[in-house]
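Asks: To start, I am sharing the structure in question, which I have written as structure tokens.
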Amino acid sequence: MVRSADIARSVYAAIAEAATTLRPDVRAALERAQAIESSPRGREVLGQLVENATIACRDGVPLCQDTGTVWVWIELGADECPGGDLQAAVDDAVRSSYRDHALRMSVAADALGDRTNTGDNTPAFVDVTLRPESGATVHVMLKGGGSDNASALAMLDPSAGVDGVRRFVLETVSAKATGACPPLVVGVGVGGTFDTVGKLAKKALLRPVGRPAGSPVTAALEERLLAEINALGIGPAGLGGTATALAVAVTTAPCHIAAMPVAVNLGCSAMRSVTVEVA
Amino acid sequence: MSDPICVTLPDDAASLRLLEVGTEVLLSGRVFTARDATHLRLVAELAETGVLPYDLARETLFYAGPTPPAAGRPVGAIGPTTARRMDAWTPQLLAAGIVATIGKGARDDSVRRACVAHGAVYLAAVGGAAALLGTHVVAAETVAYPELGTEALVRLELDRLPVWVAIDVRGHELYALARRSSAGEARP
């Protein structure tokens, strides 16, 4: 049986790992990008990013000073009963992990009114979805402000089609990439409803860099977008070059016959997530 | 690319005015961290007294909020935050005497014009290289607003922190220039 305390323990450990250890797929993509980057300045930036990953892992310091807000997505077996106050247990794990690993506290108490720093990086942003299989899969993502700010959502008309989605992604990256710490992992959600399409885009960021979508139509869009984004010239750190994005991951879903929701959630060059199984 | 230029602040601040956009600089010496909440306080104090508080005239602002000390260093990780969010306040701070800002990303044209008007520069550091950049910080001391946590005004002593001139005193801007030339290279 999965207990809230088990989930909290996995969140505690995942935060430390995500903050200091670059995802192997992201690191490999940075190294590949460095080998083919056309701009000397771009190659130097990519060299800094690879060296940064080495130093962070060696010294146990964060990859990025913005250790982010914590998104925890729990895919929970429908027969499990974690018990207790799951949100409180996860918040406790966030509080102690951020303190114990000297991470940065980056949460304001209220967006509109009292913007005082909560001082312990809580609350965590927690989603629970149910599945038939027992156990739980816990995804932990640390999302920096720079890349999340550079995200966008639009309710397109169905007539916009694949090309409308393509243009919206390109416009978003073109306008906002320099503040989002490129080379980027570009997460795109298409479908669902106004409130769910953003989550689709965020979930796309969990997919390993280099793995295409299952659907041939979606995979073709990903490939075309990656080529077009890397022809924009924005480059590593926005200082010019070909490596503007490491990957484009598109996730699709059913939607209303009148709708074509699209969301772009940009992931930075330190794209931080860890997925763990809790039995 | 040519070799990086070494600059020590604040003594060599005037030499920043001689550097062209795109020049790589290894920054040493004194800078002050300031993010969103820090700017709100600084600008309020400036409005009240008419001068920059904390002897910030002729100093450099680094748009950064570090993680706590780690690995025996005064800060764990430190790197530039998005400069655009500071654009609304930057022209008045440059007018009041700030000589350089360090951040990441493209900025509003009002900042470019203010750099020209006041002989100031904008320097870009690599976002996401914060463990590496942290090894170039040799001292950190909180000067004001400790209650803001990571947004406190902190005086840093740097040792060869790598940055690029992103807006020079003639108003040339690196993000647009780099993009035009790179896109040109990238297209068949």
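Residue numbers (this note's numbering), protein chains in the order written: chain A, 1418 to 1696; chain B, 24 to 211.
Virtual Cβ for every residue (Gly too), placed ideally from N, Cα, C.
Among all the DSSP beta bridges, which residues are the ones paired with residue 1556 of chain A?
Replies: Paired residue(s): A:1490 and A:1692.
Asks: Please say whether residue 94 of chain B and residue 1478 of chain A have beta carbons closer to each other than 8 Å?
Replies: Going by C-beta atoms, residue 1478 of chain A is nearer than 8 Å to residue 94 of chain B.
Asks: Straight-line CA distance for residue 199 of chain B to residue 1590 of chain A?
Replies: If I take the Cα positions, the gap works out to 15 Å.
Asks: Which same chain residues, not among the five before or five after residue 1446 of chain A, have their C-beta less than 6 Å away from its C-beta?
Replies: Around residue 1446 of chain A: 1626 and 1663.
Asks: State the Cα-Cα distance for the pair residue 1557 of chain A and residue 57 of chain B, rounded to the nearest angstrom.
Replies: The alpha-carbon atoms of residue 1557 of chain A and residue 57 of chain B are separated by roughly 29 Å.
Asks: For the candidate residues A:1492, A:1668, A:1420 and A:1684, whose alpha-carbon lies nearest to that of residue 1548 of chain A?
Replies: Ranking A:1492, A:1668, A:1420 and A:1684 by Cα distance to residue 1548 of chain A puts A:1492 first.
Asks: Taking buried to mean at least 16 other C-beta atoms within 10 Å of its own C-beta, is residue 122 of chain B buried or exposed?
Replies: It counts as buried.
Asks: Which of helix, strand or coil does DSSP assign to residue 25 of chain B?
Replies: Residue 25 of chain B: coil per DSSP, three-state reduction.
Asks: What does residue 135 of chain B touch in chain A if you count any residue whose Cβ is under 7 Å from its own?
Replies: Simply none; closest approach about 14 Å.
Asks: Leaving aside the five residues before and after residue 118 of chain B along the sequence, list all residues of the same chain whose C-beta is less than 8 Å from its C-beta, in chain order.
Replies: Counting only Cβ-Cβ distances below 8 Å, and skipping sequence neighbours, we find 137, 140 and 141.
Asks: In chain order, what residues of the stretch 1513–1524 of chain A put their CB closer than 8 Å to some CB of chain B?
Replies: Listed by position along the chain: 1519, 1520, 1521, 1522 and 1523.
Asks: Starting from residue 145 of chain B, trace the alpha helix (DSSP H) in both directions and tell me its first and last residue.
Replies: Counting along the chain, residue 145 of chain B falls outside any alpha helix (DSSP H), though it belongs to the beta strand (DSSP E) covering 144–147.
Asks: Three-state secondary structure (DSSP) at residue 1678 of chain A?
Replies: In this structure, residue 1678 of chain A counts as strand in the three-state DSSP scheme.
Asks: Can you name the start and end residues of the beta strand (DSSP E) that residue 126 of chain B belongs to?
Replies: Start and end: 123–126.
Asks: Along chain B, in chain order, which residues have C-beta atoms closer than 9 Å to that of residue 1466 of chain A?
Replies: Those within 9 Å of residue 1466 of chain A in chain B are 149, 151, 152 and 155.
Asks: Across which residues does DSSP place residue 1572 of chain A in a beta bridge pair?
Replies: In the DSSP output, where bridge partners are listed per residue, residue 1572 of chain A has A:1678.
Asks: I'd like the list of long-range same chain contacts for residue 1473 of chain A, defined as Cβ closer than 6 Å, with 5 residues on each side in sequence excluded.
Replies: Answer for residue 1473 of chain A: 1437 and 1480, listed in chain order.
Asks: Please classify residue 1639 of chain A: is it buried, with 16 or more other beta-carbons within 10 angstroms of its beta-carbon, or exposed?
Replies: Buried is the call here.
Asks: If you compare alpha carbons, which of B:176, B:87 and B:67 is closest to residue 147 of chain B?
Replies: The candidate whose alpha carbon is nearest that of residue 147 of chain B is B:87.
Asks: Using 8 Å as the cut-off, can you tell me whether the stretch 1501–1512 of chain A makes contact with the stretch 1532–1539 of chain A, which would need three or more C-beta pairs spanning the two stretches below that distance?
Replies: Yes: the two stretches touch, three or more of their Cβ pairs being nearer than 8 Å.
Asks: Assign residue 104 of chain B to one of two classes, buried (16 or more other C-beta atoms within 10 Å of its C-beta) or exposed (fewer than that).
Replies: Burial call: buried.
Asks: If we ignore side chains and look at the alpha-carbon of each, how far apart do residue 1630 of chain A and residue 190 of chain B end up?
Replies: When rounded, the distance between both Cα atoms is 40 Å.
Asks: In the DSSP assignment, what are the bridge partners of residue 1672 of chain A?
Replies: In the DSSP output, where bridge partners are listed per residue, residue 1672 of chain A has A:1609.
Asks: Roughly how many angstroms separate the alpha carbons of residue 1452 of chain A and residue 1504 of chain A, rounded to a whole number?
Replies: Rounded to the nearest angstrom, the two C-alpha atoms are 44 Å apart.
Asks: The alpha helix (DSSP H) that contains residue 166 of chain B, what's its start and end?
Replies: Counting along the chain, residue 166 of chain B falls outside any alpha helix (DSSP H), though it belongs to the beta strand (DSSP E) covering 160–167.
Asks: Taking the alpha helix (DSSP H) that residue 154 of chain B belongs to, which residues open and close that run?
Replies: Taken as a continuous stretch (DSSP letters only), the alpha helix (DSSP H) holding residue 154 of chain B covers 153–157.
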